[in-house]
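**Student:**
Chains as they are written, first to last, in the numbering used here: chain A, 7 to 245; chain Z, 7 to 245.
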């Protein structure tokens, strides 16, 4: 498969393991400049670019080197229409639980680009991969799903560096999604992603921040020392 | 708090949103050069470096911009000794489920640097943050934990760019860990990390690969088209 075969291994640009400042800035630029993208241009992602992004995902850490992920590439219009219908139902269902004026605001937002993105990508987790006893997974079996999430973030950041946008559609019921994609019952669909070049670029801040849905919390209020309640530096009133 | 206050916002190096090749290479170098580190030098991480790493984690995507994470910084020796004891028990328990010669190999591996790392860091997830109805979380409530995992990967990659090593200790039982760190019952300890400068640098490949525990799977065998079973490109015999 050309997309996978074009995969690259670790680049040789860091012979001593040190990051020159441009490389380090690139990492932070990807992290701070990554956005959840919901509107896409229709032009496809070149195979080599997609191969680099998937290879990045595949180089995520995984518990016991389990690599529990699979990547389902979906371009078929009819499949995407079924997924979009599923997402629309969940969107209407979710709206029932918001009060006005938030309900109208929720319903006014474009939350996904399932049909306009040139590619949909379902990242799954197979809990049986690596056999019944996976090193490091004895205490917290969910570390297989955790590993899959780390792969998604690698993918998201590599895509950002390539100028490719990614949007996570989280309002899909897994039972129905399994049926649409023929995913076995024991395999967990972890992330359903829309992937493509963003129609309107990468916004400076999260759209939910821009439109006043929710603010970024101060990092101060999330950093604790030595134990949950022992942070003496925290100003009173912070959680 | 100085560590948090030194946090930076998005850098201005990408006025047009395009990544120059050095920046792009930096992203891939962090992704391919990141390792699970288990042996550390004792020298502490400068406050500004730690602030950048935590800020990177805090800029992860989260469902409904929920930001469900907290970061507990642990330096106290006695606390770490209790966590280390917990990890040792789980290690012995896990060994009971491996057959020889894998059991001996498992027990011969150094799996964590809880006591030698200058910093331990517990990343938690508070499922109640953002109230009872979080945008995008109605179908899959676990997306709060997924978001927290994305923050961990941001942290891991930023640390790699800073030359700082991170090791995930996944063999800790959450009930006991909550007790040691005073974490409320509803809050989920997602990742217990050892953080510091690596004693032996960053190995070229995962240690579990080097020592023959498990191989990296070919990406080809993990990429499917349109549906789970529809990949006609796959050579026969591949999963």
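Note that beta-carbon positions come from the ideal geometry of N, C-alpha and C, so glycine has one too.
How about residue 79 of chain A and residue 229 of chain Z: are their beta carbons less than 8 Å apart?
**Tutor:** Position 73 of the first chain, counted from the first residue, corresponds to residue 79 of chain A. Position 223 of the second chain, counted from the first residue, corresponds to residue 229 of chain Z. Going by C-beta atoms, residue 79 of chain A is nearer than 8 Å to residue 229 of chain Z.
**Student:** Mind checking if residue 188 of chain A is an interface residue toward chain Z, Cβ cutoff 8 Å exclusive?
**Tutor:** Here residue 188 of chain A is taken as the residue at index 182 of the first chain, counted from 1. For residue 188 of chain A, the answer is yes, since a Cβ of chain Z falls inside 8 Å of its Cβ.
**Student:** Relative to the alpha-carbon of residue 193 of chain Z, which residue among Z/42, Z/75, Z/65, Z/33 has its alpha-carbon at the smallest distance?
**Tutor:** The residue you call residue 193 of chain Z lines up with position 187 of the second chain. Considering only alpha carbons, the answer is Z/75.
**Student:** Anyone know if the C-beta pair for residue 121 of chain Z and residue 97 of chain Z falls short of 8 Å?
**Tutor:** On the second chain, position 115 is the one that residue 121 of chain Z refers to. On the second chain, position 91 is the one that residue 97 of chain Z refers to. Result no, Cβ atoms of residue 121 of chain Z and residue 97 of chain Z do not sit closer than 8 Å.
**Student:** Let's test the definition: count the other Cβ atoms within 10 Å of the Cβ of residue 153 of chain A and tell me whether it reaches 16, buried, or not, exposed.
**Tutor:** Locating residue 153 of chain A in the first chain gives position 147, where the first residue counts as 1. Flag for residue 153 of chain A reads buried.
**Student:** Sort Z/57, Z/182, Z/87 by Cα distance to residue 225 of chain A and report the nearest one.
**Tutor:** The count along the first chain starts at 1 and reaches residue 225 of chain A at position 219. Among Z/57, Z/182, Z/87, the Cα nearest to that of residue 225 of chain A is on Z/57.
**Student:** Looking at the secondary structure, which residues open and close the beta strand (DSSP E) in which residue 197 of chain Z lies?
**Tutor:** Position 191 of the second chain, counted from the first residue, corresponds to residue 197 of chain Z. Residue 197 of chain Z -> beta strand (DSSP E) spans 194-202.
**Student:** Report the partner residues of residue 171 of chain Z according to the DSSP bridge assignment.
**Tutor:** The sequence position of residue 171 of chain Z within the second chain is 165, counting from 1. BP columns for residue 171 of chain Z point to Z/202.
**Student:** Smallest Cα separation from residue 134 of chain A: which of A/69, A/103, A/52, A/115?
**Tutor:** In the first chain, residue 134 of chain A corresponds to position 128, counting from 1. The shortest C-alpha separation from residue 134 of chain A is found at A/69.
**Student:** Beta-carbon separation of residue 85 of chain A and residue 168 of chain A under 8 Å?
**Tutor:** Working through the first chain from its first residue, we reach residue 85 of chain A at position 79. Working through the first chain from its first residue, we reach residue 168 of chain A at position 162. In this structure, residue 168 of chain A does not lie closer than 8 Å to residue 85 of chain A by Cβ.
**Student:** Is there a Cβ from chain A that is less than 8 Å from the Cβ of residue 99 of chain Z?
**Tutor:** Position 93 of the second chain, counted from the start, is the residue given in the question as residue 99 of chain Z. By this cut-off, residue 99 of chain Z is an interface position.
**Student:** Give a single yes or no on whether residue 122 of chain A has its beta carbon closer than 7 Å to a heavy atom of the ligand NAP.
**Tutor:** Ligands are entirely absent from the displayed structure, and the ligand NAP is therefore not among its contents.
**Student:** Within 10 angstroms of the Cβ of residue 155 of chain A, are there 16 or more other Cβ atoms? Answer buried if so, exposed if not.
**Tutor:** The sequence position of residue 155 of chain A within the first chain is 149, counting from 1. With a threshold of 16 other beta carbon atoms within 10 Å, residue 155 of chain A meets it and is buried.
**Student:** Evaluate residue 44 of chain Z with the Cβ neighbour count: other Cβ atoms within 10 Å of its Cβ, from every protein chain shown; 16 or more gives buried, anything less gives exposed.
**Tutor:** In the second chain, counting from the first residue as 1, residue 44 of chain Z sits at position 38. Per the 10 Å Cβ criterion, buried.
**Student:** Pull up the CB-CB distance for residue 181 of chain A and residue 172 of chain A, whole angstroms please, since I reckon it's below 8 Å.
**Tutor:** Sequence index remark: in the first chain, residue 181 of chain A carries index 175 (1-based). Sequence index remark: in the first chain, residue 172 of chain A carries index 166 (1-based). That belief does not hold up - the Cβ atoms of residue 181 of chain A and residue 172 of chain A are roughly 24 Å apart, past 8 Å.
**Student:** Quick check: is the beta carbon of residue 145 of chain A nearer than 8 Å to any beta carbon in chain Z?
**Tutor:** Reading the first chain from its first residue, position 139 is the one you call residue 145 of chain A. Interface residue, yes.
**Student:** Can you name, in chain order, every residue of its own chain whose Cβ lies under 7 Å from the Cβ of residue 209 of chain Z, other than the five neighbours on each side?
**Tutor:** In the second chain, residue 209 of chain Z corresponds to position 203, counting from 1. The answer, listed in chain order, is 41, 216.
**Student:** Are residue 144 of chain A and residue 186 of chain Z touching if we call contact CB-CB under 8 Å?
**Tutor:** The sequence position of residue 144 of chain A within the first chain is 138, counting from 1. The sequence position of residue 186 of chain Z within the second chain is 180, counting from 1. Not a contact, by the Cβ cut-off of 8 Å.
**Student:** Helix, strand or coil, according to DSSP, for residue 234 of chain Z in the structure here?
**Tutor:** The residue given as residue 234 of chain Z occupies position 228 in the second chain. Of the three classes helix, strand and coil, the one that applies to residue 234 of chain Z here is coil, per DSSP.
**Student:** So for residue 129 of chain A, helix, strand or coil by DSSP?
**Tutor:** In the first chain, counting from the first residue as 1, residue 129 of chain A sits at position 123. In this structure, residue 129 of chain A counts as strand in the three-state DSSP scheme.
**Student:** Is it the case that the Cβ atoms of residue 234 of chain Z and residue 189 of chain A are separated by a distance below 8 Å?
**Tutor:** Locating residue 234 of chain Z in the second chain gives position 228, where the first residue counts as 1. Locating residue 189 of chain A in the first chain gives position 183, where the first residue counts as 1. Contact flag set, yes.
**Student:** Considering only their Cβ atoms, is the gap separating residue 131 of chain Z from residue 196 of chain Z smaller than 8 Å?
**Tutor:** As a working mapping, residue 196 of chain Z is identified with position 190 in the second chain. As a working mapping, residue 131 of chain Z is identified with position 125 in the second chain. A contact, by the Cβ cut-off of 8 Å.
**Student:** How about residue 29 of chain Z and residue 28 of chain A: do their beta carbons lie closer than 8 Å?
**Tutor:** Taking the first residue of the second chain as position 1, residue 29 of chain Z is located at position 23. Taking the first residue of the first chain as position 1, residue 28 of chain A is located at position 22. Result yes, Cβ atoms of residue 29 of chain Z and residue 28 of chain A sit closer than 8 Å.
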